[in-house]
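Student:
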């Protein structure tokens, strides 16, 4: 009996070692360990074994089974791995083939610039508000210290609908509308479309976008205005950006300033983009004129504020080095796909 | 405003800086520089030479050989210039030097022209004698320069070896300032010189005007009556007799030419010179042409015509102010004089006018008459009446100094309501509080002093001279402090006080989501104009009575193409699609957010409704259902349920069989469809175009970001496929309505998997196949339960004559 078991064991182990594939291994399992397998047969013949020897023989049968099973398992693992390796070898691909893309759209460069800008100011606690594009003269001019007969009201600049209704020439009327509500403190930006009577060319459009900013509270200073613009410029154009405030004139702010930033192409050394000056004019701003505060129902002896206006197209054109403003309104796929 | 630095230095003699320093400092103190031209740019190694000897060139008829003394030696120069003679002093550019321009004077090269020694027809030439054009200038600035020839210095004006550029006064720069409308005083040399003096903290020396005039009285020559005082606050007049016309001196001609004014004769030049110096336009009349020795200032009459001194006939109206004599009109006030009274070469006695006219009136008149002049450009800014008399007396001083004529004593001055100085309380703390600075009051007062703003200690007020009409309140004074303290020296802080939350509106959020959905589906952001042509309505096949034709009209549009405010958002993107199609771009998908403008009534009496529309448009790959998929995704993302798509024929510009309105609770939230082929034709797009318009304002009201978690199903689902045959007219939407209604809670989802017409299906019929999925949330469904539900569905389908396919 012992010899028989040994013979089965040796034969099986040898077969297993020689097995070439998983099917062969399975065949061996069936022929040795299966219901009709050799080992099972031995187990069936246990009844012929003397009762006192049975535990010993039983133990031997189990040992033999375990040994065979262990080897089967080991070989299966090896063979499986080998087969997988072979399969993967055949599966090699050319990874430099182009990726599969679905058709995705692109955001308009003006919109990207706007979102970049909004993000900075929202982070500084500003609310984004909007105002009407068709506007009363009162908000576009009168409340902004631009009285009747002011040259800025000339028809050559302003599109009129009626005597009192026009297409807003700036986003500043939103200032007046917000101040009129009387809610304090005010900290808003207001992006939107504005209109001026300029013929279409590479640098002009009768319709473009501005972003207005307004802060009104107790104790707001020109220094605060500088700090705010500086912060925005660094976030928007890069941390090394410097600003230059130049005195200027706007009817609705006093003192007023124009702001240049260091050229974001050459960093201030001077290049074609900044016409060699190292600076690029980027926005107009100032302290809200006391008359504007007063006319909007805010006591200028108690409150002060600052306002600024950024030309969005100008910023977008500069940022993306677009040399013709008309491209922004043409919506040519080959242009839009670049953003 | 063009200002040569040399002219500014005439009033600020201690000004000592490079052009760059000047430009930078003036810009930072508020006078923005638009351009600065260095007159000695590209002029290198140019000295005065004296021609000692001239010989003929042996091999060229048109060339001569000159021996030129250049101070430290003599050099030989070959030239073709016809106008030089032995003994002449001429500018000579030496070997290795540079001139600014060619002798033609046309378009100067950016980096000048380098001069090297060489041989001309075999004879050595070691430099070049220069014309005024080669020196980058013109005969306007140097009237003594010959036409087409070498510039010759007046005898005794210089020595051989001198810096020729220096002798010519070309070490100078002309700086062009952008003067803002509030600083009327800066439209003058004196005004800019005052700014320069204050900026560089130097002494300011305006011209000292001396007493002028003979023993006669001007009132014996002329009387002045101003009838429309509102339009003419001040009128001053003086008389000059025994006029001797001659060229003005070279220094005056050069200054005028440097600012772009062509010198003419002493009289005209003095007028122009004073206009530049004081910013006050003046006018000269031939006194002998003036009837009744009388000037009357009054309005014209509607329809009057008048010939100005340029010979043009102008049509006037009752708001145009005229200068008249006892009989006739002789000039349009502040704009241009008349031909009938103009100064000619035969002038003997002249009436000089320096007046102040209402700026707005001049501006509007000049526009209506269609004539804008240097004078009107200055008057329309609103001049200081007190400046008029200064300018008048300065002009008369120059007339006497230049021997241009005999000034009659006295001034006619009609000035009933003199403008007086304003006063502003001096509150240094409040100015510092506004600026965020700590400037001492002494420093502030020092800034003011340099600007000729005086301080009245007694009343603690700053006294504002009348030429500073822009200074009205404390904030204005604070700006003066800031300008001279230096904007860039003001500290940098951030607003403190109550914190505010940064936020955006719901509309903003809805747009952000819609933008993401559109782009995810291949649509790129476009941007279109808000105004368009009324022809758009015809292009979009709108019936004559369509309400969209009630559009707001711009009263002064750039042209018909930009004349109405859009009531439909489509034209912009369709035009863009057309451009793309024309450029042969494939598969183009565009979206745009923009307002349409809907007037409540016309003409407009109140602001119109501005409705935000999202427009999607495309051609190429994709169809109606591509577009519908985008809208479905959008409403889904915005949490809008109960959306139905109803077949429609409402929109004339859409294909009548391929359009739908998107409804929620009886309200249209969007529409979509194929662009009507005729409309596509009108935009020259030879492809199927699909569009969708989403009413963002309506959508916004339905938007919900509330989401509640529902547990994921634990029990298995049962699926039943229904393959049905029905008349073509039956809509899939009707089937779905039945599935939903009869399927009740058990129906989890339905999926269309086939629509078929053709073989094996009768004419006029179609086959539609759906897969319905049923599930119970608390148990495993029994077959019978599902069958019962399906039976109910089939019952209702029968009513639509829908049969199951056998």
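Protein chains in written order, with this note's numbering: chain R, 196 to 534; chain L, 31 to 836. C-beta atoms are modelled at their ideal positions from N, C-alpha and C, and glycine is treated no differently.
9 Å is my cut-off, CB to CB: does residue 503 of chain R come that close to chain L?
Tutor: Answer no: the Cβ-Cβ gap between residue 503 of chain R and chain L never drops below 9 Å.
Student: What does the Cβ neighbour count give for residue 281 of chain L, buried or exposed, with the cut at 16 atoms within 10 Å?
Tutor: Counting Cβ neighbours within 10 Å, residue 281 of chain L comes out exposed, since fewer than 16 surround it.
Student: Three-state secondary structure (DSSP) at residue 242 of chain L?
Tutor: Coil.
Student: Mind listing the chain R neighbours of residue 556 of chain L? Cutoff is C-beta to C-beta under 8 Å, in chain order.
Tutor: Simply 303, 526, 531.
Student: For chain R, check one thing: does any of its Cβ atoms lie closer than 9 Å to the Cβ of residue 653 of chain L?
Tutor: Chain R contact via Cβ: absent.
Student: Within 10 angstroms of its Cβ, does residue 261 of chain L collect 16 or more other Cβ (buried), or is it exposed?
Tutor: Label assigned to residue 261 of chain L: buried.
Student: Distance check for residue 235 of chain L and residue 115 of chain L, CA to CA, integer angstroms please.
Tutor: Distance between the alpha carbons of residue 115 of chain L and residue 235 of chain L: 43 Å.
Student: Contact check, residue 561 of chain L vs residue 593 of chain L under 8 Å by CB: the rounded distance?
Tutor: About 7 Å separates the two Cβ atoms, so the contact holds.
Student: Could you tell me the alpha carbon to alpha carbon distance between residue 721 of chain L and residue 555 of chain L, rounded to whole angstroms?
Tutor: So the alpha carbons of these two residues sit roughly 14 Å apart.
Student: Take residue 398 of chain L and list the residues in its own chain whose beta-carbon comes closer than 6 Å to its own, dropping the five residues that flank it on each side.
Tutor: Within the same chain, residue 398 of chain L has no close Cβ partners at all.
Student: Note the first and the last residue of the continuous beta strand (DSSP E) segment covering residue 459 of chain L.
Tutor: Here residue 459 of chain L belongs to no beta strand (DSSP E); instead the alpha helix (DSSP H) covers 458 to 465.
Student: Which of the three DSSP states is assigned to residue 266 of chain L in this structure?
Tutor: Here residue 266 of chain L sits in strand by DSSP.
Student: Going along the chain, which residues of its own chain have a beta-carbon closer than 7 Å to the beta-carbon of residue 440 of chain L, five neighbours each way excluded?
Tutor: Cβ within range, chain order: 243, 247, 248, 249.
Student: Touching or not, the segment 45 to 58 of chain L and the segment 178 to 189 of chain L, by the rule of three or more beta carbon pairs under 8 Å?
Tutor: Contact between the segment 45 to 58 of chain L and the segment 178 to 189 of chain L is absent, because fewer than three Cβ pairs lie under 8 Å.
Student: According to DSSP, which residues form a beta bridge with residue 648 of chain L?
Tutor: Bridge partners of residue 648 of chain L: L/619, L/720.
Student: From which residue to which residue does the beta strand (DSSP E) around residue 402 of chain R run?
Tutor: First-last of the beta strand (DSSP E) with residue 402 of chain R: 402 to 412.
Student: Would you call the segment 492 to 506 of chain L and the segment 404 to 417 of chain L in contact, with 3 or more CB pairs under 8 Å?
Tutor: Flag = yes, the segment 492 to 506 of chain L and the segment 404 to 417 of chain L touch.
Student: Given a cut-off of 9 Å, decide if residue 692 of chain L and residue 671 of chain L are closer than it, judged by their beta-carbon atoms.
Tutor: No.
Student: Buried or exposed for residue 342 of chain R, please, with buried defined as at least 16 other CB atoms from any protein chain shown within 10 angstroms of its CB.
Tutor: Residue 342 of chain R is exposed by the Cβ-count criterion.
Student: How is the alpha helix (DSSP H) around residue 250 of chain R delimited, first residue to last?
Tutor: Taken as a continuous stretch (DSSP letters only), the alpha helix (DSSP H) holding residue 250 of chain R covers 249 to 285.
Student: Would you call the segment 312 to 320 of chain R in contact with the segment 415 to 431 of chain R, where contact means no fewer than 3 C-beta pairs closer than 8 Å?
Tutor: They touch, by the three-pair rule.
Student: Run down chain R in chain order and give the residues with a C-beta less than 8 Å from the C-beta of residue 59 of chain L.
Tutor: Under the 8 Å cutoff, chain R gives 442.
Student: Check each candidate in R/417, R/298, R/392 and name the one with the smallest Cα separation from residue 441 of chain R.
Tutor: Taking only the C-alpha atoms, the option nearest residue 441 of chain R is R/417.
Student: Just list the alpha helix (DSSP H) runs in the segment 300 to 326 of chain R, keeping only unbroken ones of 4 residues or longer that don't cross its boundaries, in chain order.
Tutor: Here the runs fully enclosed are 304 to 318.
Student: With 9 Å as the threshold, decide whether the Cβ of residue 536 of chain R is near any Cβ in chain L.
Tutor: Chain R is shown from 196 up to 534; residue 536 of chain R falls before or after that span and cannot be answered.
Student: Using a 10 Å radius around the Cβ and a threshold of 16 neighbouring Cβ atoms, would you call residue 600 of chain L buried or exposed?
Tutor: Buried, because 16 or more other Cβ atoms sit within 10 Å of the Cβ of residue 600 of chain L.
Student: Counting only Cβ pairs nearer than 9 Å, list the residues of chain L close to residue 357 of chain R.
Tutor: 585, 633, 634, 635, listed in chain order.
Student: Can you find the residues in the same chain that come closer than 7 Å, C-beta to C-beta, to residue 684 of chain L, ignoring five residues on each side of it along the sequence?
Tutor: Correct list, in chain order: 703, 704, 705, 706.
Student: Taking C-beta to C-beta, are residue 502 of chain R and residue 473 of chain R nearer than 9 Å?
Tutor: Contact flag unset, no.
Student: What do you reckon, are the CB atoms on residue 646 of chain L and residue 553 of chain L nearer than 9 Å?
Tutor: Result yes, Cβ atoms of residue 646 of chain L and residue 553 of chain L sit closer than 9 Å.
Student: Quick one, which of L/271, L/276, L/385 has its alpha-carbon nearest residue 308 of chain L's?
Tutor: Of L/271, L/276, L/385, the residue nearest in Cα terms is L/385.
Student: Return no unless some Cβ of chain L is closer than 9 Å to the Cβ of residue 335 of chain R.
Tutor: Answer no: the Cβ-Cβ gap between residue 335 of chain R and chain L never drops below 9 Å.
Student: If I measure Cβ to Cβ from residue 331 of chain L and keep anything under 7 Å in the same chain, skipping five residues before and after, which residues do I get?
Tutor: Same-chain partners within the cutoff: 348.
Student: Just by C-beta distance, which residues in the segment 531 to 555 of chain L are closer than 9 Å to chain R?
Tutor: Listed by position along the chain: 531, 532, 533, 534, 535, 537, 538, 542, 545, 548, 549, 550, 551, 552, 553, 554, 555.
Student: Does the separation of the CB atoms of residue 388 of chain R and residue 367 of chain R fall below 9 Å?
Tutor: For residue 388 of chain R and residue 367 of chain R, no; Cβs fall outside 9 Å.
Student: Would you say residue 561 of chain L reaches chain R, if we count a Cβ-Cβ gap shorter than 9 Å as a contact?
Tutor: It does; some Cβ of chain R falls within 9 Å.
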